[in-house]
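Chains as they are written, first to last, in full-length UniProt numbering: chain A, 1 to 204; chain B, 1 to 204.
We put the CB at the ideal spot given by N, CA and C, even for glycine.
There are 2 protein chains.
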Amino acid sequence: MTTTVRVLLADDEHLIRGALAALLSLEDDLVVVAEAATGPEALAMARAHAPDVAVLDLQMPGADGVRVATSLRAELPDCKVLIVTSHGRPGHLKRALAAGVRGFVPKTVSAQRLAELIRTVHAGNRYVDPELAADAISAGDSPLTAREAEVLEHAADGAPVAEIAERAALAEGTVRNYLSSAASKLGAENRHAAVRLARERGWV
Amino acid sequence: MTTTVRVLLADDEHLIRGALAALLSLEDDLVVVAEAATGPEALAMARAHAPDVAVLDLQMPGADGVRVATSLRAELPDCKVLIVTSHGRPGHLKRALAAGVRGFVPKTVSAQRLAELIRTVHAGNRYVDPELAADAISAGDSPLTAREAEVLEHAADGAPVAEIAERAALAEGTVRNYLSSAASKLGAENRHAAVRLARERGWV
DNA sequence: GGCCGGGTCTGACATTTGTCATGTCCGGTG
DNA sequence: CACCGGACATGACAAATGTCAGACCCGGCC
């Protein structure tokens with residue numbers, strides 16, 4: 001006997017969401033009970049419909065997939081989360097697993113494969129795309145301390161040191177110091193290249 | 001009588017491409033004759049199948065949608081190009097239209113709507129998403145001169161001025177000058193913020 | 001207790017970067 | 001032709017940034 005899996009679909013791209021819903025509906029044992037285009041909407045839909053599996057896009061307006069997953073973990077522990085992503089960065093995978101996500105795959109997989117994976121996570125198993133996992137392992141853990149990461153985030157939009165110092169409530173010299181040490185840890189020439197690298201690795 | 005429209009589908013995300021192909025096949029007058037996951041692959045497929053309409057993702061490995069469109073324009077003038085994009089930036093729309101693209105829409109449209117648009121461009125009409133068009137108009141033309149844009153691109157990865165100067169074969173002072181004027185034209189505090197803004201607007 | 005080691009924080013100094021004044025070389029205009 | 005505006009290019013100076021040595025606190029370890 002096959003049990004029916006109730007699925008929540010969240011992706012800001014209507015084209016993909018609709019297409020996906022249609023394809024998944026072709027599977028006899030899967031039924032899409034709700035769709036959402038934003039993070040908050042996904043949460044609301046999940047509360048209303050209590051799906052078995054939530055398929056979440058990593059990047060959505062409002063709150064990203066991992067944040068939604070964290071909230072779901074608290075409110076609906078029985079709802080398994082499967083994250084799909086366009087261009088996965090190593091750090092995101094780590095954050096996702098820490099948030100209790102059961103599956104993590106790139107959008108380059110086929111719909112057929114996705115359907116299988118929905119069943120996999122629903123059965124209580126985990127699945128992480130091997131290539132993304134390899135990236136995450138080779139990238140390793142962030143070498144940055146808490147303050148370094150915080151300051152680097154504030155520097156992400158190219159703000160001058162004075163502004164960062166004000167936002168972080170630190171002396172300018174201190175900010176320069178953290179940025180410098182962060183850059184050297186990442187092997188970057190300056191803080192801007194450091195921001196770029198940290199982003200690539202998903203460390204900010 | 002309805003003529004049959006032969007469609008080429010190019011998108012690096014298998015999930016979306018497959019789903020889209022399935023949905024478009026539901027339309028009686030549309031048939032997907034080829035699929036591609038990269039820019040070069042899209043070109044090869046187009047040459048092989050000579051489709052009526054090419055639906056191209058803006059961001060693909062190898063060569064982006066606009067570049068593919070430019071090549072198609074030269075090789076298969078009868079093939080209409082419709083670009084779909086995740087997060088459209090104003091400048092891309094302008095480049096796309098310059099490349100002879102007939103349609104430009106975000107992936108937030110529904111599949112039903114996309115099918116209509118494929119018919120629209122096939123009929124020889126143009127269609128540009130109103131919101132993207134508004135963004136492009138409000139963003140206006142790039143105020144940057146050729147050199148300013150060139151130097152700004154070299155600065156994109158956070159390289160120090162000395163390196164940029166070498167790559168551009170200019171004196172360091174000159175490079176600083178261009179970066180400074182570019183930043184002031186864009187209303188940015190420094191060159192790094194300028195890079196970010198120029199990217200957002202699609203000017204680099 | 002005394003002694004690290006590491007994270008946090010700071011100011012002083014050297015370097016890099018941004019700004020400015022200046023000059024040259026075009027293409028268009030009266 | 002003479003003139004003007006604008007893109008291109010440069011060096012000198014002022015301002016921001018990166019680097020360094022050092023102080024403080026805290027938790028682990030002989």
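- For A193 (chain B), the nearest CB of chain A lies under 9 Å from its own CB, placing it at the interface with that chain.
- Per DSSP, L15 (chain B) is not a residue of any beta strand (DSSP E); the alpha helix (DSSP H) it occupies stretches across H14 to S25.
- A distance of 9 Å or more separates the beta carbons of L117 (chain A) and L93 (chain A).
- Inter-segment contact for the segment 88 to 107 of chain B and the segment 58 to 74 of chain B is present: three or more beta-carbon pairs are separated by less than 8 Å.
- Taking a cut-off of 8 Å for Cβ pairs, the segment 28 to 38 of chain B and the segment 167 to 177 of chain A do not touch, as fewer than three such pairs fall below it.
- Closer than 9 Å to the CB of D141 (chain B) there is not a single CB belonging to chain A.
- Take A36 (chain A), set aside five residues on each side of it, and the residues of its chain with a beta-carbon closer than 6 Å to its own are A10, A42 and M45, in chain order.
- Our two residues, A54 (chain B) and S138 (chain B), have alpha carbons roughly 28 Å apart in a direct line.
- Contact check for Q59 (chain A) against T85 (chain A) passes: the beta carbons are separated by less than 9 Å.
- In the DSSP assignment, T85 (chain B) falls within the beta strand (DSSP E) that extends over K80 to T85.
- Taking the Cα positions, L15 (chain A) is about 13 Å away from E13 (chain B).
- Taking the beta carbon of E189 (chain A) as reference, the chain B residues within 9 Å of it are G158, A159, P160 and E163, listed in sequence order.
- Contact between S142 (chain A) and A149 (chain A) holds, with the beta-carbon distance rounding to 7 Å and staying under 8 Å.
- Three or more beta-carbon pairs separated by less than 8 Å link the segment 189 to 196 of chain A to the segment 145 to 159 of chain A, which places the two stretches in contact.
- DSSP places V204 (chain A) outside both helix and strand once states are collapsed to three, so it counts as coil.
- Taking all protein chains in view, the Cβ of T3 (chain A) is surrounded by fewer than 16 other Cβ atoms within 10 Å, so the residue is classified as exposed.
- By the C-beta density criterion, H122 (chain B) is buried, having at least 16 other C-beta atoms within 10 angstroms.
- By the C-beta density criterion, A136 (chain B) is buried, having at least 16 other C-beta atoms within 10 angstroms.
- For R95 (chain A), the enclosing alpha helix (DSSP H) begins and ends at P90 to A98.
- For V109 (chain A), the closest C-alpha among the options A:E131, A:R6, A:G91 and A:R201 is that of A:E131.
- Taking a Cβ-Cβ threshold of 7 Å, none of the residues of chain A is close to T38 (chain B); the smallest such distance is about 11 Å.
- The residue among B:I164, B:A50 and B:P40 with its C-alpha nearest the C-alpha of L76 (chain B) is B:A50.
- The Cβ-Cβ distance between V105 (chain A) and L114 (chain A) falls below 9 Å.
- The beta-carbon of T120 (chain A) is placed no less than 9 Å from the nearest beta-carbon of chain B.
- For G103 (chain A), the beta-bridge partners assigned by DSSP are A:L82 and A:Y127.
- For G62 (chain B), the CB contacts under 6 Å within the same chain, skipping 5 residues up- and downstream, are T38, G39 and P40 in chain order.
- Boundaries for L72 (chain B): no beta strand (DSSP E) harbours it, while the alpha helix (DSSP H) harbouring it runs G65 to E75, taken from the DSSP string.
- Chain B has a Cβ within less than 9 Å of the Cβ of H14 (chain A).
- Residue contact with chain A for P130 (chain B): absent (no Cβ-Cβ distance below 9 Å to any residue of chain A).
- Within the same chain, and ignoring the five residues on either side of I164 (chain A) in sequence, the residues whose Cβ sits closer than 7 Å to its Cβ are V151, H154, A155 and V175.
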